[in-house]
Amino acid sequence: MRFSGKSHSKLYLFFIFAIVFYVSGEFPSFYGLDQHRVNVNIAFGQFDDGQNENNENIPNTIINTAIDGNNNVIVNNGSTTSNSMKFAFSGMDNMGKTINRFECSIDGKPFVTCISTNTVNVVDGTHTFSVRSEDNAGNKDSTPASYTWTANTETSNTQIDSVTDGNKMIVINNSNTRSNSMTFAFSGTDNVGAKIYRFECSMNGEPFVTCVSTNTVNVVDGTHTFSVRSEDNAGNKDSTPASFTWSVDTTPPTTSIISAVDGNNSTISNNGKSESSSIKFSFAGNDTGGVGIDNHQCNIDNSIYVACTSPFTFPNLLKDGSHTFTVLSEDNAGNKDASPASFTWSVDTTPPTTSIISAVDGNNSTISNNGNSKSTSIKFAFSGTDTGGVGVDHLQCNIDNSPYVACTSPFVFLNSLKDGTHAFTVRAVDAVGNINFSPASFNWTVDTESPTTTINTATDGNEIIIDNGTNSNSNSMSFEFSGNDTGGNEGTGVGINHFECNIDNSRYVACTSPFIFPNLLKDGSHTFTVLSEDNAGNKDSSPASFTWTVDTLAPIISIDNATDGNGNFMIPESNTSSNDVTLAFSGNDTGGQEGKGVGIKQFECSLDGASFSICTSPVQFTSVNLPEGTHTFQIISEDNIGNINSSPESFSWTVDTEPPTTTIDSSIDGFENNVTDGDNTASNSITLAFSAIDSGGKEGNGVGIKEFECNIDNSEFVSCTSPLQFMNLTDGVHTLEIMSEDNVGNLSPTPASFNWTVDTVPPNTTIINAIDGNESPITNGSYANLNSVSFSFSGNDTNGAGAKGLAIKQFECSLDDSNFTVCSTPVQFTSANITDGTHTFRVLSEDNVGNNDPSPELFTWTVDTIAPTTIINSAIDGNNSTITNSSNTKSNAVMFEFSGNDTGGVGIDHLEC
């Protein structure tokens, strides 16, 4: 019940109940409170009567109850499942007048007179009922009471909007899934616009329970039905709940290949072979999960899986090689066979190839295709290769077009072949029956008869035709020859293959006609032999032969010996110190038969490029002909048929009569110091470099130095080389002499000489005296009371042999371990250098070759310029009484104790009283 209105009076709530009871004739109920409209406004137990003040002549109308055809009280703006509604209403006039009548309106239609209770019948939909009262004065309620409700006699409609399985896949009704969970999203609609109050769900026919969208269910494998219904705000429940049925199958199916038949209609086993490039597979799938097989997917050689059905055929698309067919089945839930069925086989559509590897006849000679053989036997080695991959099964052979028979390599025809042409053919058959349709073929001719050979002409290098058994003065010869082959091919032969030639019983070599010996023949008798060999390898057993004699050689010359004026034998390119020489020579004619020649006619000689002239052995040249320098003697000979030496025999030598000169180039001692002639050194080692110049012979260039000879300190000359080193020389003066000898024995008449002195002994140094400032001598290790001192010293230089040395060059002094500096005697030190205390003076001497005294002379002394102090410690008289200074005693005896103290540091020497 709804109360509205205004009043200036403030009343407690129980007055409101009294008024309502008075107006409506019934005690108000809180159920449906807002369905009754009274112009009373409850607010904290008060009401406002202002409205009555504004409308104090207008009656007020209220709707007391609204009860639908199902006898249910319906609140304002509520819903009902009934098409009828009964309204009870009343009116009140605030001026005390009674209500004359009521007027009602439905859905905005004109007001008509009505009574309470008023029943209206409506169709489904939202409706508004209005009622107003009119009092006896004709005043009509200007604010009719109003009531709105919705009639909804039809049930709501429920729909399942989406279904998603646990794999996030959308699933349709009556389908399958491989997930054990399912999520449903659903909604409901009401035909008159009433809102959905709630949803109720049911699984597999179980009772409906309240649920919400989205709703997830977890189920086991099998078929399931999910139902959902909606209920609207009018209480209408969907009489035909939305339903969704599906099957859960999480077990993948299995697949099996039933058969494989190739294009030749042959059944192929797994890992088998086929000569067909096509194959047909029959296969099936088994789904133990129960939803049934949806599809199959096939794969060939690890390609992408594609949908396929059984049987599945590969029509002539397969290449030769190994292939693997794989098929899997997928059930209606999407489960795929995890271990597809697999079938592997090899396709080989390519016939094998055959090759003949070798053909070797009975003479063990290799025969080429279309070649020839002189043997009636032959052995073939052959092989087959199957590029299709299944391997060669066997080979078949054929000779001269006879039927093919199975054969193995090697295949031999033994002494069974006649002269003539033959053909051998071999083919391979692979493991699937492919036959090589282009067999390997080999043709050859058997010829067992030898050819004959003829020498047609022989012409020497002078273009003269030579008869067999005659002579020639040319060392070249050209032979023309031919051959004739009558064997094989019905007497026509297989033809000449080549000729082989032989000269003077050498090895036969292949040759062609004409065959020329171009200036290669030696003098003497020669025999040329030629044979022919046919294409079967038959050689002429009686070669053609030709013999003749060649004599083309000039005589040979030799210079037998050469002797100089000193009686020394000379060899070519040698040297001599004599300008007189005698040469003996001879000749030998080796040309012609057996090297006997035709004999020497004469000799011709030349000296140093002069014209050749007739000469006889021996020939002598003297100083008239032989000045200093190099000379060349040449000689030629001529035999009795005019053969002259083309290259004269030659003998060259050099005349050198002048001795060389010797020079000492450098001398360096063991300290790497240069030492000059007559100089001194402190080193007992020295290295001398020397050289010589030979100006004789060869236009002043000489014949070269042969050797040097050295002498040290007048010892014997011995052979030596530059540089020459001396070690561990004794002290003293040394002399080195060097002479040179050239390659013809000329000796230097005056040796080169070098003098030097060795002094390795250091000098001795002596301090003669030390004098202090009072001219008093000071001894080594003593004391002085002055801080000035003067030292005199000297040095003595003796060499290692005890002789007088090379004299003192300088002295070097040091005071108190300072650095040594050059000084002279005497040297003086004053108070600037000398303080109280101990001092050390050192001096060394150095001789003129730099030897330093290794043990400098040393002098140590102590300076003390401060006087000591003396103290009388006590005085005791004869009575043993202590006496003080300036006091008295009755004893004529007294004993003094006293002491001294030296602050200068040298100590008390003695006391004086």
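Its first residue numbered 0, the sequence shown is counted upward by one per residue in numbering that gives the first Met the number 0. Ideal Cβ positions, reconstructed from N, Cα and C, are used throughout, including at glycine.
Every beta strand (DSSP E) stretch that sits fully inside the stretch 257 to 294 and reaches 3 residues is listed by chain position as 271 to 273 and 278 to 285. Checking the DSSP bridge columns, you'll see Cys103 partnered with Val111 and Val130. With 16 or more neighbouring CB atoms inside 10 Å of its own CB, Met181 falls in the buried class. Ala241 is positioned such that its CB atom lies no closer than 8 Å to that of Ile171. Remark: C-beta atoms of Phe897 and Ile870 approach each other more closely than 8 Å.
Boundaries of the beta strand (DSSP E) harbouring Tyr146: Ala144 to Ala150, taken from the DSSP string. Ile299 has Phe324 as its beta-bridge partners, per DSSP. Proximity of the stretch 250 to 260 to the stretch 93 to 105 falls short of the contact definition, fewer than three beta-carbon pairs being nearer than 8 Å. Shown here, Arg841 sits in a strand according to DSSP, grouped into three states. Scanning its chain for C-beta atoms nearer than 8 Å, with the 5 sequence neighbours on each side dropped, one finds around Ala430 the residues Lys272, Asp347, Asp385, Val389, Gly390, Val391 and Asp392, in chain order. Per DSSP, the continuous beta strand (DSSP E) segment holding Arg228 begins and ends at Gly221 to Asp231.
Uninterrupted alpha helix (DSSP H) stretches at least 4 residues long and entirely within the stretch 690 to 738 do not occur. According to DSSP, Thr778 shares a beta bridge with no other residue.
Scanning Ser649, Asp678, Thr729 and Ile692 for the CA closest to the CA of Glu657 turns up Ile692.
Runs of the beta strand (DSSP E) spanning 3 or more residues and lying entirely within the stretch 473 to 505 occur at 476 to 483 and 495 to 502, in chain order. Looking from the CA of Thr149, the closest CA among Tyr196, Val74 and Ser258 belongs to Val74.
Here Ser775 is exposed: its Cβ has fewer than 16 other Cβ atoms, across all protein chains shown, within 10 Å. Along the stretch 317 to 377, the alpha helix (DSSP H) does not occur as any fully enclosed run of 4 or more residues. In this structure, Asp189 and Ser212 do not form a Cβ contact; the two beta carbons are roughly 16 Å apart against a cut-off of 8 Å.
Looking at the DSSP output, Leu416 bridges to nothing. Taking each of Gly432, Cys103, Asn518 and Asp418 in turn and checking the Cα distance to Thr491, the smallest one comes out for Asp418. Judged by DSSP in its simplified three-state form, Asp563 adopts strand. Two segments are said to touch when three or more pairs of C-beta atoms, one from each, lie closer than 8 Å; by this definition the stretch 257 to 271 does not touch the stretch 138 to 153. For Thr60, the number of other beta carbons within 10 angstroms of its own is at least 16, and it is reported as buried. Between Phe478 and Ala509 a beta carbon distance of about 14 Å is seen, past the 8 Å cut, so the two are scored as non-contacting. If only complete runs of 3 or more residues are kept, the stretch 154 to 201 shows the beta strand (DSSP E) at 156 to 164, 174 to 176 and 180 to 188, in order along the chain. Non-local C-beta neighbours of His126 in its own chain, meaning closer than 6 Å and more than five positions away in sequence, comprise Asp106, ordered along the chain. As DSSP reads the structure, Lys236 sits in a beta bridge with Glu230. Just so you know, the alpha carbons of Asp336 and Asp286 end up roughly 9 Å apart. Judged by pairs of C-beta atoms under 8 Å, the stretch 725 to 740 touches the stretch 748 to 765, as three or more such pairs exist.
The beta carbons of Lys167 and Thr116 sit no closer together than 8 Å. In this structure, the alpha-carbon of Asp237 lies about 18 Å from that of Asn214. In this structure, the CA atom of Glu205 is about 14 Å from the CA atom of Val218. In the DSSP assignment, Thr859 forms a beta bridge with Thr839. The straight-line gap separating the alpha-carbon atoms of Asn795 and Thr820 is approximately 19 Å.
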